[in-house]
Every structure is written in structure tokens, then in C-alpha cells.
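Residue numbers (our numbering), protein chains in the order written: chain A, 1 to 200; chain B, 1 to 200.
Ideal Cβ positions, reconstructed from N, Cα and C, are used throughout, including at glycine.
Predicted model only: the values in this text are computed from it and were never measured.
As C-alpha cells, this is what we get:
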């Protein structure tokens with residue numbers, strides 16, 4: 001049985017590189033170490049190629065309209081978030097793919113998408129430390145958490161800024177496949193990480 | 001004055017994603033925070049696009065033949081290293097760009113390129129923990145260091161596996177631009193890192 005059957009990472013113009021490259025690295029290494037348990041992650045975007053805010057150009061695996069609906073939807077952040085928050089068709093896509101997913105994860109100010117689309121309601125959300133106020137402004141019934149690296153609300157899971165997406169991905173592997181497996185992935189990445197009840 | 005005037009990151013088929021995405025993120029954020037002190041990094045490869053070993057497809061900024069000679073050459077690792085170690089024209093390119101650079105940095109088993117091309121001689125080199133033996137086999141007068149996250153030999157600087165490239169890049173910023181600046185970049189990335197004499 002594949003415990004993590006599909007992981008779709010959503011890209012957009014001016015996404016922050018490490019926000020998605022970190023989780024992509026974690027899940028792709030997990031797939032290498034146990035291809036039966038973890039699917040290879042895929043990327044999708046509303047255009048191809050996509051220019052990150054850091055200037056790197058990436059070709060997504062799928063255009064949004066052609067992408068399979070993932071069981072795990074991961075939404076990174078970046079400067080482009082503020083433009084896409086005003087893009088109704090992009091928000092509709094996130095809402096639709098998020099509704100059908102088992103888990104929706106955000107990194108950095110990708111959390112703003114979860115609040116804006118109301119995929120997150122009455123949840124504890126975190127984000128990049130420069131985006132706390134922006135998230136609070138659209139949080140509705142959600143609570144903005146300023147001192148967590150990861151928040152876990154069951155379906156909705158959020159990471160703090162940039163590199164925290166790596167921790168969130170390892171934490172997710174730990175919950176689904178156990179501490180020993182998550183540690184083996186962190187060890188491969190030579191990333192300083194320890195299993196925990198909730199990332200502190 | 002630009003303290004870090006050009007940073008060229010060499011890509012190749014089956015490069016490990018986080019090996020180069022980590023340093024690219026660090027230097028691009030440093031450029032954003034102080035564009036006068038740090039140039040935006042660029043990528044170069046012998047083909048376009050490049051498929052990483054993780055399956056992500058990246059479009060390099062330059063083909064090798066057309067790329068400017070960087071003052072800082074950064075060579076990541078990945079499964080593709082073992083194929084490129086048998087590619088004389090690729091090794092010639094690394095040797096030539098490395099000779100003219102002020103600094104040559106490797107991440108992970110990218111260190112094998114530094115040994116093979118003899119850019120590194122009588123240096124302390126580190127690499128991914130699964131590649132210690134492979135590096136030792138071609139190390140010549142170099143010493144393989146198994147317990148360091150970063151080694152600094154002046155011109156030649158090496159990082160251990162995958163995520164250690166982030167630490168090496170922050171360490172380099174610290175040395176060139178001071179601890180406070182490096183800490184501000186790490187803080188932006190929300191990456192747990194402290195300044196040090198030599199990364200331990």
C-alpha cells in the first residue's frame with residue numbers, strides 16, 4: 001500500500017525557490033528510499049515555464065488544467081502570493097484541489113491562500129515572520145501562530161518561513177511512516193532534525 | 001564595491017535539487033537584502049533544460065560555453081557526478097572556470113570534481129557521508145574530512161551532504177560581509193544557523 005500516494009506542489013510566478021525545492025527534495029528522497037510507500041512528487045503551474053522570485057526558471061510537470069488531483073496539495077509562498085490572491089481562477093483551482101485532497105500543506109506565506117480560499121477554518125496557521133500581519137488581516141476564524149515551525153490541524157498543515165517547509169515535510173513523513181523513516185530521510189539530506197510530537 | 005561580484009552555479013543531468021537550490025536561495029536572498037554587496041547568482045549547464053535526479057526540470061541561465069567566468073564557482077553534487085567524472089570536456093570546463101575563480105565551492109559529492117580536476121590539492125575536503133570512500137579513492141594529496149559540515153581551505157571550500165550547502169553559503173557570507181549580514185539572511189530563510197569560526 002502506498003501511504004503517500006500523490007503529492008502535488010503548486011507553482012506560480014515569483015514563488016520562493018526554497019519554499020518548494022525543500023519539500024520537493026524531502027519527498028523525492030523519501031520516494032527513492034521507499035518507492036512503494038511514497039509517490040514521487042509532481043509540480044503544476046498555470047504557465048510553463050515558471051520564473052521563481054529568485055530568478056530560477058523551472059518547468060512544471062503539468063499545467064494546472066491537466067494536472068491530476070493530488071491527495072496531498074502543497075502550496076509554497078513567495079512574493080507572487082500577493083498577486084495570485086487577486087486572481088480568482090487561481091484561487092478557484094486551489095479551493096477545488098484542496099477540497100478533494102486529504103491534506104493541504106502551506107509553506108511561508110502560502111498560508112494566505114489557505115485563509116483566503118477558506119480551505120482553512122478555525123485552524124492554527126503559521127507563516128513567514130514578515131507576513132503575520134497580512135495573514136491576520138484575512139484569517140477570519142483562524143488563529144495566527146507566531147512561535148511554531150509547523151502547525152498541524154489534521155487536514156490543514158502549515159509551515160513557517162522558507163526552510164521550515166523541510167521540517168514540515170519530515171514531520172509529515174514521521175506521522176505517516178514513522179520516526180525511523182523520517183530520520184533516515186533527514187540523515188540522507190544531512191539536515192539537523194529530530195522527530196517530535198509537534199514541531200517546536 | 002561589490003564584495004561578491006559573481007556566483008556561477010554549475011548544473012548537470014541528475015544533479016541533486018537541494019544541493020544547488022539551497023545555495024541559490026541563500027545568495028539570491030543576500031542579493032535582495034544588499035544588491036550592492038552581492039550579485040544575483042546564475043546557473044550554467046552543458047544542456048538546457050536540465051533534469052535533476054529528483055525529477056525537477058530547470059532551465060539554466062547560460063549554456064557552459066556562453067557563461068561568464070564567475071569569481072565564485074559552485075559545484076553541486078548528485079548521482080550525475082559519477083557520469084560526469086568520465087566526461088573530459090565537462091572536467092575541462094570545471095578546471096578552466098575553477099582556475100580563473102577566486103573561490104571554488106562544492107556541495108555533497110561535487111567535491112569529487114575538485115579532486116579529479118586537481119583544483120583541490122593538499123586540501124581538506126568533505127562530501128556526502130555515502131561518498132567518503134569514493135572521494136578517498138581519488139583524493140590524491142587531499143584529506144577527506146568525515147566530521148565537518150564545511151571545510152575552508154581559502155580558495156577551495158567544501159560542504160557535506162545536500163542541506164550543508166546552505167550552511168556553507170551562509171558561512172561564506174559571514175566571512176565576506178560579516179556575521180550580522182549572514183544572520184539576517186538566515187533569519188529571512190528561518191534557517192537555524194549561528195556564525196562560527198569554522199562550521200562544525
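Looking at chain B, is there any beta carbon in it that lies within less than 8 Å of the beta carbon of residue 191 of chain A?
Here residue 191 of chain A refers to the residue found at position 191 of the first chain. Yes, residue 191 of chain A lies at the interface with chain B (some Cβ there is under 8 Å from its Cβ).
Since residue 40 of chain B meets chain A, which of its residues come closer than 9 Å, beta carbon to beta carbon?
Along the second chain, read from residue 1 onward, the residue named residue 40 of chain B stands at position 40. Under the 9 Å cutoff, chain A gives 54, 55.
Are the C-beta atoms of residue 49 of chain A and some chain B residue less than 8 Å apart?
Locating residue 49 of chain A in the first chain gives position 49, counting from the first residue. Chain B contact via Cβ: present.
Alpha carbon to alpha carbon, how far is residue 199 of chain B from residue 137 of chain B?
Along the second chain, read from residue 1 onward, the residue named residue 199 of chain B stands at position 199. Along the second chain, read from residue 1 onward, the residue named residue 137 of chain B stands at position 137. With a pLDDT of 43 at residue 199 of chain B, under the threshold of 50, the predicted position of this residue should be treated as unreliable, though the coordinate-derived value follows. Answer to the nearest angstrom: the Cα atoms are 25 Å apart.
Less than 8 Å between the CB atoms is what I'm expecting for residue 39 of chain A and residue 63 of chain A, so what's the real figure, rounded?
As a first step, residue 39 of chain A must be located in the first chain, where it is residue number 39. As a first step, residue 63 of chain A must be located in the first chain, where it is residue number 63. Actually they are not in contact, since the Cβ atoms of residue 39 of chain A and residue 63 of chain A sit about 20 Å apart, beyond 8 Å.
What do you get for residue 193 of chain B, buried or exposed, if any count of 16 or more other CB atoms within 10 angstroms of its CB means buried?
The residue labelled residue 193 of chain B in the question sits at position 193 within the second chain. Looking at its Cβ environment, which holds 16 or more other Cβ atoms inside 10 Å, residue 193 of chain B is buried.
So which residues of chain A does residue 182 of chain B contact, with C-beta pairs closer than 8 Å?
Taking the second chain and counting its residues from 1, the one referred to as residue 182 of chain B is at position 182. Ordered by position in chain A, no residue passes the 8 Å Cβ test against residue 182 of chain B, which lies about 15 Å from the chain.
Run through DSSP, which three-state label would residue 45 of chain A get?
Position 45 of the first chain, counting from 1, holds the residue named residue 45 of chain A. Strand, per DSSP.
Is there a C-beta anywhere in chain B that falls below 8 Å from the one on residue 199 of chain A?
Your numbering for residue 199 of chain A matches position 199 in the first chain. Interpretation of residue 199 of chain A is limited by its pLDDT of 44, a score under 50 that renders its predicted location unreliable; no figure is taken from the coordinates.
Going by other Cβ atoms of all chains shown within 10 Å of its Cβ, with 16 needed for buried, is residue 103 of chain B buried or exposed?
The residue given as residue 103 of chain B occupies position 103 in the second chain. Label assigned to residue 103 of chain B: buried.
Using a Cβ cut-off of 8 Å (strictly closer), state whether residue 43 of chain B contacts chain A.
What you label residue 43 of chain B is simply residue 43 of the second chain in a count that begins at 1. Yes, contact with chain A.
Please compile the residues from chain A whose C-beta is within a distance smaller than 7 Å of the C-beta of residue 59 of chain B.
Along the second chain, read from residue 1 onward, the residue named residue 59 of chain B stands at position 59. Result: 49, 57, 59.
Taking 8 Å as the threshold (C-beta atoms), are residue 123 of chain B and residue 72 of chain B in contact?
Numbered from 1 along the second chain, position 72 holds the residue referred to as residue 72 of chain B. Numbered from 1 along the second chain, position 123 holds the residue referred to as residue 123 of chain B. No, the Cβ-Cβ distance between residue 72 of chain B and residue 123 of chain B is not below 8 Å.
Hey, is the region 25-32 of chain A in contact with the region 43-58 of chain A, meaning 3+ C-beta pairs nearer than 8 Å?
Too few Cβ pairs lie closer than 8 Å, so no.
Does DSSP put residue 172 of chain B in a helix, in a strand, or in coil?
Residue numbering aside, residue 172 of chain B sits at position 172 when the second chain is read from its first letter. Correct three-state label for residue 172 of chain B: helix.
For the region 118-149 of chain B, which segments carrying the alpha helix (DSSP H) assignment without a break, of at least 4 residues, lie completely within its bounds, in sequence order?
Qualifying alpha helix (DSSP H) stretches, in chain order: 132-137.
Could you tell me the distance, in whole angstroms, from the CA atom of residue 129 of chain A to the CA atom of residue 81 of chain A?
Translated into the one-based positions of the first chain, residue 129 of chain A becomes position 129. Translated into the one-based positions of the first chain, residue 81 of chain A becomes position 81. Spanning the two alpha carbons is a distance of roughly 15 Å.
Residues of chain A with CB under 7 Å from residue 24 of chain B, in chain order?
Translated into positions along the second chain, residue 24 of chain B becomes position 24. Neighbours of residue 24 of chain B on chain A, chain order: 17, 54, 56.
Residues of the region 146-161 of chain A with a CB closer than 7 Å to any CB of chain B: list them in chain order, please.
Result list: 160, 161.
Run through DSSP, which three-state label would residue 185 of chain B get?
Counted from its first residue, the second chain places residue 185 of chain B at position 185. Helix at residue 185 of chain B.
Is residue 28 of chain B close to chain A, meaning its C-beta is less than 8 Å from at least one C-beta of that chain?
Counting from one through the second chain, the residue named residue 28 of chain B turns up at place 28. So yes, residue 28 of chain B belongs to the interface.
Closer than 7 Å by beta-carbon distance: list the chain A residues that pair up with residue 163 of chain B, in chain order.
Working through the second chain from its first residue, we reach residue 163 of chain B at position 163. Those are 189, 190, 191, listed as they occur along chain A.
Taking 8 Å as the CB-CB limit, is residue 129 of chain A close to chain B?
The residue you call residue 129 of chain A lines up with position 129 of the first chain. Yes, contact with chain B.
Please decide whether residue 21 of chain B counts as near chain A, where near means a Cβ-Cβ distance under 8 Å.
Stepping through the second chain from its first residue, residue 21 of chain B is reached at position 21. Cβ-Cβ to chain A under 8 Å: yes for residue 21 of chain B.
Considering only residues of the region 47-104 of chain B, which uninterrupted beta strand (DSSP E) runs meet the minimum length of 3 residues and lie entirely inside it, listed in chain order?
Entirely contained in the region 47-104 of chain B, the beta strand (DSSP E) runs reaching 3 residues are, in chain order, 57-59, 72-75.
With distances taken from CA atoms, which of A:126, A:95, A:108 is nearest residue 117 of chain A?
By 1-based counting over the first chain, the position of residue 117 of chain A is 117. Comparing Cα positions, the closest option is A:95.
Thinking just about the alpha-carbon of each residue, which of B:11, B:21, B:86, B:51 is nearest to the one in residue 189 of chain B?
As a position in the second chain, residue 189 of chain B is number 189, starting the count at 1. Nearest C-alpha to residue 189 of chain B: B:21.
Helix, strand or coil for residue 8 of chain A? Go by DSSP, reduced to three states.
For this step, residue 8 of chain A is matched to residue 8 along the first chain. Strand at residue 8 of chain A.
Excluding the five sequence neighbours on either side, which residues of its own chain have a C-beta within less than 6 Å of the C-beta of residue 149 of chain A, listed in chain order?
Stepping through the first chain from its first residue, residue 149 of chain A is reached at position 149. If we look at residue 149 of chain A and ignore the five residues flanking it on each side, its Cβ neighbours are 160, 164, 167, 199.
Spell out the partners DSSP gives residue 158 of chain A in its beta bridges.
Residue numbering aside, residue 158 of chain A sits at position 158 when the first chain is read from its first letter. Per DSSP, A:106, A:151.
When you compare only the Cα positions, how much space is there between residue 176 of chain A and residue 37 of chain A?
Residue 176 of chain A sits at position 176 when you count from the first residue of the first chain. Residue 37 of chain A sits at position 37 when you count from the first residue of the first chain. Cα to Cα, the separation comes out at about 9 Å.
Comparing C-alpha positions only, which one of B:52, B:158, B:169, B:13 sits nearest to residue 108 of chain B?
In the second chain, counting from the first residue as 1, residue 108 of chain B sits at position 108. If we check each option's Cα against that of residue 108 of chain B, B:158 comes out closest.
For residue 99 of chain B, count neighbouring Cβ atoms within 10 angstroms of its own Cβ and tell me buried if that reaches 16, exposed if not.
If you number the second chain from 1, residue 99 of chain B lands on position 99. Exposed, by the Cβ-count rule.
Measure how close the beta-carbons of residue 145 of chain A and residue 18 of chain A come, nearest whole angstrom, since I'm counting them as under 8 Å.
On the first chain, position 145 is the one that residue 145 of chain A refers to. On the first chain, position 18 is the one that residue 18 of chain A refers to. About 21 Å; that fails the 8 Å criterion.
Taking the continuous alpha helix (DSSP H) assigned at residue 178 of chain B, which residues delimit it?
Here residue 178 of chain B refers to the residue found at position 178 when the second chain is read from its first residue. Element bounds for residue 178 of chain B: n/a, residue is neither H nor E.
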